[in-house]
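Numbering (my numbering), first residue to last: 1456 to 1575.
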């Protein structure tokens, strides 16, 4: 019985080493979108602790960072920014952001049309 356990333990170590080597060689795929800055601002919006102008400034800074890194804004970024602009009375900026969201993500057209209709 002890011999069988020792044999199994002897087989487990090379198996664990092989798994570790294969895992270490795996390449990380790049994200399609850069989410940096967007998710914390959505969280802050729902917590209601940070003022809307601060959130707009943070999202604008995040957008500049995304563009500087030659990355793509995630779905919902422009829509959220548009909603923030609308809440402070900047209808033209809100309309621009919602329209861009609709163009970049056609699957959001129905919702963006609804939000755009509320701006008029």
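We put the beta carbon where it would ideally sit given N, CA and C, even for glycine.
What you are looking at is a predicted structure, and each value in this text was computed from that prediction instead of being measured.
ask   = For the alpha helix (DSSP H) that residue 1545 lies in, which residues bound it at each end?
value = Neither: residue 1545 is in no alpha helix (DSSP H) and is coded neither H nor E.
ask   = Cα separation between residue 1525 and residue 1532?
value = 16 angstroms
ask   = With a CB to CB cut of under 8 angstroms and the five nearest residues on each side skipped, what residues in its chain are close to residue 1535?
value = 1493, 1496, 1497, 1500, 1514
task = State yes or no: is the C-beta of residue 1564 within less than 8 angstroms of the C-beta of residue 1557?
result = yes
ask   = Can you tell me whether residue 1570 is buried or exposed, with buried defined as 16 or more other CB within 10 angstroms of its CB?
value = buried
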